[in-house]
Each structure stands twice: as C-alpha cells, then as structure tokens.
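Let me begin by presenting the structure, written as structure tokens, before commenting on it.
Residue numbers (my numbering), protein chains in the order written: chain A, 1 to 232; chain B, 1001 to 1232.
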C-alpha cells in the first residue's frame, strides 16, 4: 500500500558530517540510505507488516519472506522493483566508495533528545556498528506516454515509530526524486489517503500536486482470477 | 494518462472464427491483439496523441516518435513497459503459431453495420491485408508489498473513435487481465476520472473496485528538477 504518515519536511538540516561526534549540544545521529539486498528481506518483511498495522490493513497483508525474496531483486536496481533502506546509528557510517548503481547517501542529525528504540534488536543488520533499520521506500519505474518517458512510482514509504517527525520520510522521498532526476525521468508519483491531511500538506510542501479527479481502479482476488476462463 | 472512454462490456460475443465470412447477416469484422514492436511506434505515437485530444490534455503531450522508440521496447515483453496493439480487418488474420512471449488473441465480430474509418490510411501496417490499428493498451509491472507479488498497471487503454462501443476496450482490458493471471500476478490497476460515470460503470462490471479514498500525488517538471540541487 501507499505512503504512510511521513514526518514534516526538514528544516535547515545540517550538511552530512558537519556535526562532530563530540558536539557539546544535542544528540548526534547518523543516517544512511542504501540499496537493500536479499539479505535485508527479514527487515523489509517486518517493515511492511508494521506498515499494514499502522494503516489498519493487516487483513490485506499476506507477504512472506519467501515471497519477497522471489519477487524483489529480480532485476538490476531501478530497472524494476527497488528498495532503499534507511539505517540509523549513533556512530558515523564508514565512508563508501562511489558505486555505479547507487552511492549510499549519508546525513548527520543533531537531535534534542536521544532516540529510544525498544525494537532495535529486531532491526539490526550489524550489531557491531550499532545500526538499526529505521525505514524504507519501495519504488519501481512507471511510464508517462504523454512525456514518452519513464518515471518512478513509490509503492511504500515508511519510517518506524521512534524515528518519525525527524525528517527521515523527507530523506527517503528526496532520495527517490534525486534518482529520478539523475536518470532523466519525468515524474515521481504515489498515492495518499484523502483524509491524511498531514501527509497531503507535507507532500505539497515537497512540491507535489495532488490530483483530485483521478480514482484508482483495482482488479484483484477472485475477480481477477475469473479472467482465466474468459475469452477476449 | 489513463483509461479513456471504454466501450460497454461485450455481450455474448461469438467465439473466434465462429462467424463464417459468408454469413448472410451482418458484417463480419476480424480483430487481433498482438504485442507491439518498434515498427509500430508511428501508430503508437498517433494513438497517444488522439488520446490527448480526447482527454483535452494536449498541453501535457510532448511525446515524439523518437522518445517513444528509445523508452519503449527496452526490456522483454511484460518485464517493463509493454504495448498490446488492437488490429481490425475485414479479412481473417492468418493463423499464428504459439509464441513463448505472447500468442496473438483473435476474435471475430458480426456487426450490424460496417465500420467506416476515414483515417484508416494513417493506421494501416499492412495494406495488402486491409488491416487498421484500432487501439492499444500500454501497461507495465507494479508491485504490491502486502501481497509480495507483482501486478500490472495499465497506463493507457484507448480505442479509436470508429471502433468504440463494440467491445474492443473490454478485449484490451481482458487481454491484460488474462496475462496477469497467467503470470501469477496479484492485481491489475489503473486510474479513471471521477466524473467519467460510464467508464466507472464499465470497470465495475468487469469486476474492478474503485478505491474512493486514495489520491494520486505527482512530482514533475520544475518541482522535480529542483531535487537535483537538494541535499537529503
């Protein structure tokens, strides 16, 4: 399902690595956006389930780690279904060499209060480095025939509860938008619930238009399966 | 842009090739749905332009044949952007061998009146066979993380004016739905304008749900380009 409860847009966030670890004020937090790999499927599965709980749509949730493994990562990054993971740590991430696919994006935050994450043990890919997976964005190419150009469609953007309202949702959306520009794509699109006024305001501040006249049509379940026996 | 003015659903249409050419009643018309190829780009370009005119959205239309050629047909069929063409003829289409990609779908119609198509010269891929391109559907994979399965998103479904209200729109939608079932996909989705009551009724009759609460968000043009200079 679609974008859930993004935090407000960032306000004059510091540049990456501009806040030294020894800053006398606040609590420095280091974040990284990187491409997910098949090893991240357990985290992706838990994140999608938390999103379903948040959206009160667990009755629609039937993803398994096995199904995610076999359906994601079937193409090179950005050519089909692609996941960016957001990781957060109290220690700086190691410097990364530029990659032909995607060079991880780093940012340092200086928070007033430390982040308490009681679930961090379920979201730690690397215990040595005190890293927790805090969110993700799942997106894939779409197409505008009027522009005759691809774009990106964002299926999910989600930040775990302890990490909300700190600019991380904006980071994830920005990462996708920057990648779209880099690839010469024409649009980034997603959907939002019409009653989610906070999210709509946030998206408009990010520069998005909300298309009021269009409705999503969905053929699924038995109604879709029935076409197996239908002649054209 | 999205689905335009589909015809009503088919009513007890005859099976393919069940109406002999010499039928004393009506006007037999033969139709075929096949995968488009790069050679079809001139037709696809004209169809998309007609769709923009129909939707009164020509101010958003900037596709060129060159852009279509370079952005479509970059992946095997169904893996990314895919176009089915609808062709119509007064003569039967030749039998086609099954294909690993997509075996063309054939249907014979018996119409009360012959179809007058004053523009057929602009839409004829093969003059010898009296064939006219009558419509198209452009679609590509999307992803449901709740199902952990791909689906198809239909970006465009369009039938040229002389061929409307004869079941051809239903044929194109059915062809995509059948392909989704064949591939084990979980959903087919598209969008419709909320004031297009005829289209909504048609889609509901085809088994689709209209999701009333979701709104499409779009980041495009200068608002998207601005992200080139934004830090995460």
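Ideal Cβ placement from N, Cα and C applies to all residues, glycine included. Source: prediction; values computed, not measured.
Between residue 188 of chain A and the rest of its own chain, which residues show a CB-CB distance below 7 Å, the 5 nearest in sequence each way excluded?
By 1-based counting over the first chain, the position of residue 188 of chain A is 188. Within the same chain, 151, 152, 154, 176, 177 and 180 come within 7 Å of residue 188 of chain A by CB-CB distance, once the 5 residues on both sides are set aside.
Starting from the beta carbon of residue 110 of chain A, find every residue of chain B whose beta carbon is closer than 9 Å, and list them in chain order.
Numbered from 1 along the first chain, position 110 holds the residue referred to as residue 110 of chain A. In chain order: nothing, as chain B lies at least about 15 Å away.
For a quick check, are the C-beta atoms of residue 162 of chain A and residue 125 of chain A less than 9 Å apart?
Residue numbering aside, residue 162 of chain A sits at position 162 when the first chain is read from its first letter. Residue numbering aside, residue 125 of chain A sits at position 125 when the first chain is read from its first letter. Not closer than 9 Å, so no.
With a threshold of 9 Å between beta carbons, is residue 1062 of chain B in contact with chain A?
For the purposes of this step, residue 1062 of chain B is identified with residue 62 of the second chain, where counting begins at 1. Residue 1062 of chain B counts as touching chain A.
For residue 1083 of chain B, which option in B/1049, B/1135, B/1052 and B/1051 has the closest C-alpha, if you only look at C-alpha atoms?
As a first step, residue 1083 of chain B must be located in the second chain, where it is residue number 83. Cα-wise, what sits closest to residue 1083 of chain B is B/1135.
Taking 9 Å as the threshold (C-beta atoms), are residue 86 of chain A and residue 41 of chain A in contact?
Your numbering for residue 41 of chain A matches position 41 in the first chain. Your numbering for residue 86 of chain A matches position 86 in the first chain. Contact flag unset, no.
Enumerate, from N- to C-terminal direction, the unbroken beta strand (DSSP E) stretches of 3 or more residues contained entirely within the stretch 142–166 of chain A.
149–159
Should the stretch 23–37 of chain A be regarded as contacting the stretch 106–115 of chain A, the criterion being three or more beta carbon pairs within less than 8 Å?
yes
Exposed or buried, residue 1088 of chain B, counting other C-beta atoms within 10 Å across all chains shown (16 or more means buried)?
In the second chain, counting from the first residue as 1, residue 1088 of chain B sits at position 88. Classification for residue 1088 of chain B: buried.
For chain B, is any of its Cβ atoms less than 9 Å away from the one on residue 101 of chain A?
Here residue 101 of chain A is taken as the residue at index 101 of the first chain, counted from 1. With 9 Å as the cut-off, residue 101 of chain A does not count as an interface residue toward chain B.
Against chain B, with Cβ distances strictly below 9 Å, would residue 141 of chain A count as a contact?
Taking the first residue of the first chain as position 1, residue 141 of chain A is located at position 141. Yes, its Cβ sits closer than 9 Å to a Cβ of chain B.
Measure the C-alpha to C-alpha separation of residue 99 of chain A and residue 1200 of chain B and round it to an integer number of angstroms.
Position 99 of the first chain, counted from the start, is the residue given in the question as residue 99 of chain A. Position 200 of the second chain, counted from the start, is the residue given in the question as residue 1200 of chain B. Cα to Cα, residue 99 of chain A sits roughly 46 Å from residue 1200 of chain B.
Amino acids of chain A, ordered along the chain, whose beta-carbon sits closer than 8 Å to that of residue 1035 of chain B:
Looking up residue 1035 of chain B in the second chain gives position 35. Those within 8 Å of residue 1035 of chain B in chain A number zero; the least Cβ separation is about 14 Å.
Can you tell me the Cα-Cα spacing of residue 1130 of chain B and residue 1091 of chain B, whole angstroms?
Along the second chain, read from residue 1 onward, the residue named residue 1130 of chain B stands at position 130. Along the second chain, read from residue 1 onward, the residue named residue 1091 of chain B stands at position 91. Going from the Cα of residue 1130 of chain B to the Cα of residue 1091 of chain B covers about 7 Å.
Tell me whether residue 1196 of chain B is buried or exposed, calling it buried when 16 or more other Cβ atoms sit within 10 Å of its Cβ.
Indexing the second chain from 1 puts residue 1196 of chain B at position 196. Buried.
Name the chain A residues whose beta carbon is nearer than 9 Å to that of residue 1038 of chain B?
Position 38 of the second chain, counting from 1, holds the residue named residue 1038 of chain B. Going along chain A, no residue has its Cβ under 9 Å from residue 1038 of chain B, so there is no contact; the nearest lies around 13 Å.
Spell out whether any CB of chain A is found under 9 Å from the CB atom of residue 1215 of chain B.
Numbered from its first residue, the second chain carries residue 1215 of chain B at position 215. Yes, contact with chain A.
Going along the chain, which residues of its own chain have a beta-carbon closer than 7 Å to the beta-carbon of residue 1219 of chain B, five neighbours each way excluded?
The sequence position of residue 1219 of chain B within the second chain is 219, counting from 1. So the list is empty, once near-sequence residues are dropped.
Short CB-CB distance (under 9 Å) between residue 91 of chain A and chain B
For the purposes of this step, residue 91 of chain A is taken as residue 91 along the first chain, with counting starting at 1. No, residue 91 of chain A does not count as interfacial toward chain B.
Cβ-based neighbour list, residue 209 of chain A, same chain, cut-off 8 Å, excluding 5 preceding and 5 following
As a working mapping, residue 209 of chain A is identified with position 209 in the first chain. Correct list: empty, nothing qualifies.
Name, in chain order, the residues that DSSP records as bridge partners for residue 1135 of chain B.
As a position in the second chain, residue 1135 of chain B is number 135, starting the count at 1. Looking at the DSSP output, residue 1135 of chain B bridges to B/1086 and B/1159.
Return yes when the Cβ of residue 142 of chain A is within less than 9 Å of the Cβ of residue 1142 of chain B, no when it is not.
Working through the second chain from its first residue, we reach residue 1142 of chain B at position 142. Working through the first chain from its first residue, we reach residue 142 of chain A at position 142. In contact: residue 1142 of chain B and residue 142 of chain A (Cβ atoms closer than 9 Å).
Which residues DSSP lists as bridging residue 56 of chain A, in chain order
Residue numbering aside, residue 56 of chain A sits at position 56 when the first chain is read from its first letter. Paired residues: none, contrary to the question.
List the endpoints of the continuous beta strand (DSSP E) containing residue 31 of chain A.
As a first step, residue 31 of chain A must be located in the first chain, where it is residue number 31. Start and end: 27–35.
Contact set for residue 93 of chain A: own chain, Cβ-Cβ below 7 Å, skip 5 residues either direction:
What you label residue 93 of chain A is simply residue 93 of the first chain in a count that begins at 1. Same-chain partners within the cutoff: 30, 32 and 106.
Residue 212 of chain A - DSSP class collapsed to helix/strand/coil:
Residue numbering aside, residue 212 of chain A sits at position 212 when the first chain is read from its first letter. Coil.
Interface residues of the stretch 1154–1168 of chain B facing chain A [CB-CB below 8 Å]
Those residues of the stretch 1154–1168 of chain B that come within reach of chain A (Cβ to Cβ, closer than 8 Å) are 1155 and 1156.
Put residue 1061 of chain B into one of helix, strand or coil per three-state DSSP.
Here residue 1061 of chain B is taken as the residue at index 61 of the second chain, counted from 1. DSSP places residue 1061 of chain B in coil when its eight states are reduced to three.
Enclosing beta strand (DSSP E) for residue 204 of chain A [first to last residue]
Walking along the first chain from the start, residue 204 of chain A turns up at place 204. Counting along the chain, residue 204 of chain A falls outside any beta strand (DSSP E), though it belongs to the alpha helix (DSSP H) covering 197–205.
Boundaries (first-last residue) of the alpha helix (DSSP H) holding residue 1181 of chain B
Indexing the second chain from 1 puts residue 1181 of chain B at position 181. Unbroken alpha helix (DSSP H) run through residue 1181 of chain B: 1168–1182.
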